[in-house]
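*Asks:* Quick one: this structure, given as C-alpha cells, is what I'll be asking you about.
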Ligand SMILES: Cc1cc2nc3c(=O)[nH]c(=O)nc-3n(C[C@H](O)[C@H](O)[C@H](O)COP(=O)(O)O)c2cc1C
Ligand code: SF4
Ligand code: SF4
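In my numbering, the protein residues as written are 31 to 244.
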C-alpha cells in the first residue's frame, strides 16, 4: 500500500479514528475524531474552536491518528499516522460538509458552523498492519516534506530484528517465527523484513543470541 492508499482507507472506510495529542504537561490525551478528506497535501479534520482538543493542537501542533476496520482481529486492517498539523480555519468547511453530509445533522445552521475550524495533518509518517493477509502485510510510509528527505525504509525497519554474524544456521528461529518469514541461506538465517511482525520470538529462541533488535 502507498500513503495515498492508507489515507483513502482512513477517510473512506475507517473514517472514525482515535486521535492523540499532548497536554500542557506533555501527557498523552486521546479522543475520537473523524477524518473528512485527504489529498496530496494531507489529511483534513474538523473540530470546534472551544474544544480542549483544538486548544491542545494550537499549543502543540502535533497529532497521531489510529483507525482499524474488520469484523474481528484476524480480519482487520489498521492504519496509524502521525505528524505536524496546521489550522486552516473555515475555508474548506463547505467542501468537507459536502463530502460528509452527516455533518449537516450535527451542525445544521450557520451559527453552529461558525464554531468550527479545519485542521490538516500535513507532514509525517505512518504505517499499516493488515491481518487479513497471510503472511501479515505491514509497512510504513512518509508524507509531506518529510517524503523528500527520508525514504520509507528506515521507518519500516525501526524496532526490527536483524541476524548478526554470530548465527550458526541451526534453524531454531525459523521454527519459532509465527509468520514464516525466516529462511536459511548459505548457513545463516535471513529475515524477510517486509513480512516481519517484530514480535521478537526469533530473538528469544536463538540459542546463541544471534538476533538483535535495531
Ligand atoms: C463517532 C464520533 C466521531 C467524532 N468525531 C469528531 C470530530 O471529527 N471532531 C471533533 O471535534 N469531535 C468529534 N467527536 C467528539 C470528540 O471525540 C469529543 O468531543 C472529544 O472526545 C472531546 O475531547 P476534548 O474534551 O479533549 O476536546 C466524535 C465523537 C464520536 C463518538
Ligand atoms: S520478529 Fe517475529 S515475525 Fe519477525 S522474524 Fe522474528 S519471529 Fe518472525
Ligand atoms: S536460531 Fe540463531 S543461530 Fe539459529 S539460525 Fe536462527 S539466528 Fe541463526
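Ideal placement from N, C-alpha and C gives every residue a C-beta, glycine not left out.
For residue 86, which option in 52, 117, 34 has the closest C-alpha, if you only look at C-alpha atoms?
*Replies:* Taking only the C-alpha atoms, the option nearest residue 86 is 52.
*Asks:* Which residues share a DSSP beta bridge with residue 111?
*Replies:* In the DSSP output, where bridge partners are listed per residue, residue 111 has 95, 156.
*Asks:* Is the CB of residue 121 under 8 Å away from at least one CB in chain C?
*Replies:* The chain inventory of the structure shown lacks chain C, comprising one protein chain alone.
*Asks:* At what residues does the beta strand (DSSP E) containing residue 242 begin and finish?
*Replies:* Element bounds for residue 242: 241 to 243.
*Asks:* According to DSSP, simplified to helix, strand and coil, what is residue 59?
*Replies:* Of the three classes helix, strand and coil, the one that applies to residue 59 here is strand, per DSSP.
*Asks:* When the Cβ atoms of the stretch 118 to 132 are set against those of the stretch 169 to 176, are three or more pairs found closer than 8 Å?
*Replies:* No, they do not touch.
*Asks:* What does residue 212 pair with, by DSSP beta-bridge criteria?
*Replies:* For residue 212, which the question treats as bridged, DSSP gives the partners 221.
*Asks:* When you compare only the Cα positions, how much space is there between residue 233 and residue 147?
*Replies:* Looking at the two C-alpha atoms, the distance is approximately 48 Å.
*Asks:* Please classify residue 198 as buried or exposed, where buried requires at least 16 neighbouring CB atoms within 10 angstroms.
*Replies:* Exposed.
*Asks:* Would you check if there are 3 or more beta carbon pairs closer than 8 Å linking the stretch 106 to 118 to the stretch 37 to 52?
*Replies:* Because the criterion of three Cβ pairs below 8 Å is met, the stretch 106 to 118 and the stretch 37 to 52 touch.
*Asks:* In three-state DSSP terms, what is residue 195?
*Replies:* In the structure shown, residue 195 sits in coil (DSSP, three-state: anything other than H, G, I, E or B).
*Asks:* So the candidates are 55, 31, 149; which of them puts its Cα closest to the Cα of residue 257?
*Replies:* Here the chain covers residues 31 to 244 and nothing more, so residue 257 does not appear.
*Asks:* What separation, rounded to the nearest whole angstrom, lies between the Cα atoms of residue 38 and residue 136?
*Replies:* So the two alpha carbons sit approximately 23 Å from each other.
*Asks:* Could you compute how far the alpha carbon of residue 56 sits from the alpha carbon of residue 88?
*Replies:* Using only the alpha carbons, I get a separation of about 14 Å.
*Asks:* Any idea which residues DSSP pairs residue 136 with across the strands?
*Replies:* BP columns for residue 136 are empty, so no partner.
*Asks:* Run the Cβ filter for me: residues under 5 Å from any heavy atom of ligand 1, listed in the order they occur in the chain.
*Replies:* So the residues near ligand 1 by this Cβ test are 46, 61, 62, 63, 64, 77, 81, 82, 83.
*Asks:* Could you pull the start and end residues of the beta strand (DSSP E) that residue 227 belongs to?
*Replies:* Counting along the chain, residue 227 falls outside any beta strand (DSSP E), and DSSP gives it neither H nor E.
*Asks:* Distance, Cα to Cα, residue 213 vs residue 42?
*Replies:* Roughly 38 Å separates the two Cα atoms.
*Asks:* So what's residue 7 in DSSP terms, helix, strand or just coil?
*Replies:* With the chain covering only 31 through 244, there is no way to say anything about residue 7.
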